[in-house]
Every structure is written in C-alpha cells, then in structure tokens.
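Keeping their order, the protein sequence lines are chains S and Z.
Counting with the numbering used here, you get residues 1 to 246 for the letters of the first sequence.
Counting with the numbering used here, you get residues 1001 to 1384 for the letters of the second sequence.
Quick reminder that beta carbons are idealized off the backbone N, C-alpha and C, glycines included.
Predicted, not measured: the structure shown is a model, and the values here were computed from it.
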Amino acid sequence: MELETLKYPDVSCAASGEPPSVIRARRINFSFGSGELQKQILFDISFDVLKGEIVLLTGPSGSGKTTLLTLIGALRQVNEGELTVLSRPLHRATKHDLIATRRDLGFIFQQHNLLEFLTARQNVELMFELHPDVTAAEARERSVRMLRDVGLGDRLDYLPARLSGGQKQRVAVARALVTAPHLILADEPTSALDSQSGRDVVNLLQQLARTRGCPVLMVTHDTRVLDIADRIIHMEDGRIASAVAT
Amino acid sequence: MISSFLLAWRQLTHHKMKLAVASAGVVVAVMLMLVQLGIRQGALDNSVAFTRRVTGQLVVVSPRTKTIFQAASFPRRLLYRLPSHPQVSRVQEIYLSQARWRNPWTYREHPISVYGIEPDRPLLNLPGYSERAAELRLRDHVIFDRMSRTSFGPVVETVERDGSMETEVNHRRMTVVGLIEVGISITTDGNLYMTPENFLRLFPGRTLGAVDLGVVELKPGADPQAMRAELQQLLGAEAVVITQPELVLAEQTFMRENAPIDFIFGMGAAVGFFIGFVVVYQILYTEVTNHLPQFATMKAVGFTDGFLLRVVLSQALILSILGYVPGFFLALWLYGVATKAIQMPFSMTLGRAVMVGSFTLLMCGLSAAIAVRKAQSANPADVF
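Written out as structure tokens, the structure reads:
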C-alpha cells in the first residue's frame, strides 16, 4: 500500500488552544534480530509528549530508553504499535518520510561527532544544506547567532581540534537547534560537560521549550538537570515503570 | 552554504599527507597510461614513416610481400602495363633492400635500409631529395637519413661540417653527399637513399627488372578504389594493387602481428589504471571508515545517501584533476626522454590526452562508487 508523505499542518510552536501531541506512542513493541536470536527490547510503550513540554527519560542501561529515542527520531523502523511524531505516522512511514521527519527534529547526541575538517561555524551551517529555502546569508547569520547563544561567539572559526570537549558539545547543541526544529531529542547531552556548561545547555533547551513551544525529550542520568523537567518517565526492562509530573 | 563539493574538498585537504599520497597514485597511473599508450602509438607511427610519404594514390607489390622492409620483388614489365590505362598519369619503381653500413669511427658494421628512388619528381614526399639529383647521379653517391640512429656514427655533424663523408656499405666505398629527414622505426635503424643505378651497383645480384614497390599516380578526379580493381585486371596474379592508405595499414598490421606491442603496452597501461584505482580506493575507503560516525550522524539528522555519494564522487573528481595535471607533464617529459633514448619521435596527441583523462575519471569514479557503499552502510541508529 503506497502512502504519500503526510505534510503536517503548520504546527508553529507558538500556537495556542488545545495543544496537540507532538509525540504520540501507543503500544509500541520492538525487538532486535530475528528468529532464534530475537531479543525484545520494548514492551507495550504508550505515552504522549505535548507542545512546550520538557520530558526526561530515565532508567538503568538496557532499559530501552535509547532504543525508544531512535524510534521517535525516525532512525529505526517501527514494526509494532503506533508512533506519530509531528503528525507523521512513523509506523507507516516510507524511507522518504523517515528522512523528512529527521529534518524536522533537532538531535543532540552523546558524541558530538563534529566533522573535524570544518570550523565550528561551518559544522553548524552544514545543517542548512537540508533546508534549501534558507539563503546562504541567512544561514550564516543564524549559525553565528546560535553559536553566540551557546557562548561560543569567539570560537566561530576554530576547528574542533582546538575546542575543549565541552565546547565541542556546545557546537553540537547549536547544530541541533539552529534550524529551529519542532521537537528536540537529546541523548545524555550534559554527560560530557562540566556543571556550568551543562547548566547553560539545559537552560537554553528550557528557553526554547517555553518561548517557542518546542518540546524536549531527553534521555539522561544527570541528576543536576532534573529540575527543568515537566515530567519524568522512568523505564525499566523495556517498560515504562513510572511517569511522574514534576 | 556548505555544498557536497566543498565538504569533499575540506575533507581531502585536511590531511595534506594523505592527499599527496592519493594524488601521487593518480599521477603514477596517468603517467603510465600516457607513456605506455604513447610509446605504442609511436612504434606504430614510426613503422609507417616511409609508407606515409608515398604520394601516389595506388601502389603495386608482390603478393608475397608482407612488409616492404622484406619485400618480395615483382617484374617491372607488369608495372609498365599500367600507363596504358587512360586514368593513370605515371608510375615509378622503387627498390628496397638492407645492407651493412660500416661506421668509420668504430669500424663496426650495422644494418641499414637502402632505397633506390629516381630523384626526378619522385612519387614520394622526400623534401630535399630531388634537389640533389645532380650529385646523386654520380657513381656511389648517396643521401643519408638524419633521423638514423647514432650507432652509424656522427654522420649528420660530419656531412654538415664537411659537405660529405665516405664509408663502406656492403664493403663498397660510398660517398654521403647530403641529408634528408624521414624517420626510423623499431625494425629499421637507418636509411640510405640513392638512384636505382647506384642501387644496382650496391646490390649486383639484383636487376632493375625486379621491383620491390611500384607507385602509381592517377589523373585528377580518378577514384582510387575503382581504379584498383581495373588496374588489377591488367596485372594478373603476379602483382597486387592496393591503395596507399591500405599500404600504411598493412605495415601497421604487420608490426602489430609480429611484435606484441598491443599486448605489452596495453598491459602496461592497464597496470597503470589498476595501480591508480587501488591507491585511490584505499584512500577514499579509509576516509569513509574514519568518518563513519560523522556520516552516520549526518544521516541521522536527515542527510540522504545521495548526498554522501556526491561527497565521495566529488573527492574522486578532485583526486582525478590533482593527479592528471602533474601526470600529464611528467608524461610529456618522459616522451622527450624516450625520444632521445630510443632515437625515435614520441609525442602527445590531443586524442590520447583526452582518452587517458576519461580513463582517469573512470578510475577515480569507480573507486568512489565502491567506497561510498561503505558510507551508505552507516546506520544512523548506531550513533547512539
């Protein structure tokens, strides 16, 4: 059955009224491998993330939270259950839909994975390759502004080799946010950062959630940042153990 | 904006050493391909240096002749039947043999090709030959090809300085009174040109009645192919009429069949291609592997496999150009070296330069196409 890509309605992050779910997960099951080696990672996961929410995903390693994040991030195919992200049904998505979804998200990974042969600014500007409607001048200006927002205004033309670990991670955060995504997914974004840098990053995320209504779903162990959460979903052994509003 | 090309450029130039190695691989490949193919072409071109100079539209040879340098002769009276045809302007007989030239400086003997050609309006493009007709009619006076190998001695310098020089050819005293420029080949080290009468004096076993090569000039407007069939009828089975282009082709074919130049130099060129391919592939592949996490990250944020393909292909293009330019100039220099060493002219042609350029692009493109599959295998989910 061929399904065309659903263009999601203009869910501008600053809309008002009944907030629709940005993430809607229902009865998601997920396994790795096949046949004899098949191992089930996620069991019957259901939850929502609404606009402007900051939701933390916690749990011991092996609890499946990273796998869940990859499913929401359209990095893996959903086989069982329903998963709708930014109004796109990922459980029925074609490869093209998955790529389109990824472009609307902002990803912050644990490893910054910056391209070592591009400067900080170029690494951030690279994201605009995916948004051809943005002019070159605008792309440059937004990249510079974003880097200033994360406190790297004086390191714009530095290669990653000349940046500290924390600074590289902040470049990665800038890269994730510069295209004004409609949903931010973060995997341990502060683990490589000292308290001040970590605090700066989560403050920035909080600001984005509040002012633009962009929800943030963050996997983290970092107890220092728990205060910014609207909700904490705790997972264990592939199931949601608890979902606590804070 | 960072385009895929700019990305490729920045990635390649980030490690100058790796870039140098990869480019060097392409340089070697380009140089090998150009030189091997150039020498092969030079060998072929040089083998027909003489036959190309035939200005008559048709030639007559014995049916047993496979190459004019080992020609079988045919009766002259057959050749003289041809002017009776209204479309034939005139004919000329050419005598060809090999003799032994004695280098008067080293006293060593070397084989040399000898041509018996009437200097009055020869049906051959030999600038400078007919001008010396008066001297050539003197007994045992000959003209030497200045392109002959230096193993014959400093003949050119001596003749230019003194006006003439003497030596023995087949133990017969001969006087070289002049020089013309023709060309040698793999099978011929040098050339001597003289009148048919002097030819006969040099080769007493020969008669003027046995001709090695007959050249036929047609009247303007005559069609060589049609005339060929008509004139063949006048000759019967003891001589064969072919067009001048067919003669050139036959000489080239003889060379290719008897000396495995296609195989040897073709192999050399193929080896060059292979070397370049392997080096470029190695570099591109390790570049991809070293950046697999970054490529996976790019896919995770929404870059397509197509974008990665453009990046790697751009790298292949950059390497092609960076390697071709120095390789080209290196080959040019080597042509000069070979020309001096082998004493035969080797030169670059536009066609060959373009062809090797295409091979270079193909070579780098193939490497890229295989290397990029590794990049496309990067699983964005593995970034976690």
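Apply the 10 Å Cβ neighbour rule to residue 128 of chain S and answer buried if 16 or more other Cβ atoms are within range, or exposed otherwise.
Buried, by the Cβ-count rule.
What is the DSSP secondary structure of residue 1264 of chain Z, counted as helix, strand or coil?
Residue state, collapsed to three classes: helix.
Applying a beta-carbon distance threshold of less than 7 angstroms, which residues of chain S neighbour residue 1294 of chain Z?
The contacting residues are 113, 115.
Terminal residues of the alpha helix (DSSP H) in which residue 1316 of chain Z lies:
From DSSP, the alpha helix (DSSP H) with residue 1316 of chain Z extends over 1305-1342.
Between residue 1021 of chain Z and residue 1214 of chain Z, how many whole angstroms is the CB-CB distance? I'm expecting something under 8 angstroms.
60 angstroms between Cβ atoms; not a contact.
Residue 1183 of chain Z at chain S interface by Cβ criterion, 8 angstroms:
For residue 1183 of chain Z, the answer is no, since every Cβ of chain S falls outside 8 angstroms of its Cβ.
Assuming residue 1101 of chain Z and residue 1094 of chain Z are in contact, meaning their beta carbons sit under 8 angstroms apart, how far apart are those beta carbons, in whole angstroms?
About 20 angstroms; that fails the 8 angstroms criterion.
For a test of the three-state rule: what should DSSP assign to residue 47 of chain S, helix, strand or coil?
It is a strand residue.
Tell me which residues share the same chain as residue 53 of chain S and place their Cβ nearer than 6 angstroms to its Cβ, disregarding the 5 neighbours each side in the sequence.
So the list reads 215, 230, once near-sequence residues are dropped.
In its own chain, which residues sit with a C-beta less than 8 angstroms from the C-beta of residue 28 of chain S, not counting the 5 before and 5 after it?
Excluding sequence positions up to five before and after residue 28 of chain S, its CB lies within less than 8 angstroms of the CB of 42, 44, 45, 46, 68, 71, 78, 80, 81, 82, 83, all in the same chain and listed in chain order.
Start-to-end residues for the alpha helix (DSSP H) that takes in residue 1363 of chain Z
For residue 1363 of chain Z, the enclosing alpha helix (DSSP H) stretches over residues 1350-1376.
Can you name the residues of chain S whose CB is closer than 8 angstroms to the CB of residue 1188 of chain Z?
Correct list: empty, because the minimum Cβ distance to chain S is about 58 angstroms.
At the 8 angstroms Cβ level, is residue 1010 of chain Z part of the contact set with chain S, yes or no?
Cβ-Cβ to chain S under 8 angstroms: yes for residue 1010 of chain Z.
Assign residue 1157 of chain Z to one of three DSSP states: helix, strand, or coil.
Of the three classes helix, strand and coil, the one that applies to residue 1157 of chain Z here is helix, per DSSP.
Measure the C-alpha to C-alpha separation of residue 1379 of chain Z and residue 197 of chain S and round it to an integer number of angstroms.
Taking the straight line from one Cα to the other gives about 30 angstroms.
Looking at C-beta atoms only, is the number of pairs between the stretch 1310-1320 of chain Z and the stretch 142-151 of chain S that lie closer than 8 angstroms three or more?
These segments do not touch.
In terms of residues, what are the limits of the beta strand (DSSP E) holding residue 118 of chain S?
Per DSSP, residue 118 of chain S lies in no beta strand (DSSP E) and is assigned neither H nor E.
Distance, residue 1096 of chain Z Cα to residue 1219 of chain Z Cα
Roughly 26 angstroms separates the two Cα atoms.
Local Cβ density within 10 Å of residue 237 of chain S, reported as buried at 16 or more and exposed below that
By the Cβ-count criterion, residue 237 of chain S is exposed, with fewer than 16 other Cβ atoms from all chains shown falling within 10 Å of its own Cβ.
Between which residues of its own chain and residue 1147 of chain Z is the CB-CB distance below 7 angstroms, once the five residues before and five after are set aside?
In its chain, beyond the 5 residues on either side, 1181, 1182, 1183, 1184 have a beta carbon closer than 7 angstroms to the beta carbon of residue 1147 of chain Z.
Identify the contact partners of residue 99 of chain S in chain Z, using a Cβ-Cβ distance below 7 angstroms as the criterion.
Within chain Z, 1302, 1304 have C-beta atoms less than 7 angstroms from the C-beta of residue 99 of chain S, given in sequence order.
Should residue 1372 of chain Z be flagged as near chain S, meaning a C-beta pair shorter than 8 angstroms?
Judged by the 8 angstroms Cβ criterion, residue 1372 of chain Z is not in contact with chain S.
Could you tell me how far apart the beta carbons of residue 1081 of chain Z and residue 1208 of chain Z are, in whole angstroms, since I believe they sit closer than 8 angstroms?
About 16 angstroms separates the two Cβ atoms, so there is no contact after all.
Any chain Z beta carbon closer than 8 angstroms to residue 235 of chain S
Taking Cβ atoms only, chain Z never reaches closer than 8 angstroms to residue 235 of chain S, which makes this a no.
What alpha helix (DSSP H) runs, 4 residues minimum, are completely inside the stretch 48-74 of chain S?
You should have 65-72.
Measuring CA to CA, which of S:26, S:139, S:244 is closest to residue 175 of chain S?
Selected option, being the one with the closest Cα: S:139.
What separation, rounded to the nearest whole angstrom, lies between the Cα atoms of residue 1151 of chain Z and residue 1049 of chain Z?
Going by C-alpha positions, residue 1151 of chain Z is about 20 angstroms away from residue 1049 of chain Z.
Please identify the residue among Z:1306, Z:1223, Z:1163, Z:1196 whose C-alpha is closest to the C-alpha of residue 1211 of chain Z.
Distances from the alpha-carbon of residue 1211 of chain Z to those of Z:1306, Z:1223, Z:1163, Z:1196 put Z:1196 closest.
Verify whether the separation of the beta carbon atoms of residue 1367 of chain Z and residue 1280 of chain Z is less than 8 angstroms.
In this structure, residue 1280 of chain Z lies closer than 8 angstroms to residue 1367 of chain Z by Cβ.
Starting from residue 97 of chain S, follow the alpha helix (DSSP H) in both directions and report where the run begins and ends.
Taken as a continuous stretch (DSSP letters only), the alpha helix (DSSP H) holding residue 97 of chain S covers 95-104.
Taking 7 angstroms as the limit between beta carbons, can you name the residues of its chain near residue 1042 of chain Z, skipping five residues before and five after?
Counting only Cβ-Cβ distances below 7 angstroms, and skipping sequence neighbours, we find 1344, 1345, 1346.
Assuming residue 1255 of chain Z and residue 1047 of chain Z are in contact, meaning their beta carbons sit under 8 angstroms apart, how far apart are those beta carbons, in whole angstroms?
Contact holds; Cβ gap of about 4 angstroms.
Quick one: which chain S residues come within Cβ less than 7 angstroms of residue 1380 of chain Z?
Contact of residue 1380 of chain Z with chain S by beta-carbon distance below 7 angstroms involves 75.
Extent of the continuous beta strand (DSSP E) to which residue 1098 of chain Z belongs:
First-last of the beta strand (DSSP E) with residue 1098 of chain Z: 1088-1102.
7 angstroms Cβ cut-off: residues of chain Z touching residue 47 of chain S
In chain order: nothing, as chain Z lies at least about 19 angstroms away.
When you compare the CB of residue 183 of chain S with every CB in chain Z, is at least one pair closer than 8 angstroms?
No, its Cβ sits nowhere closer than 8 angstroms to a Cβ of chain Z.
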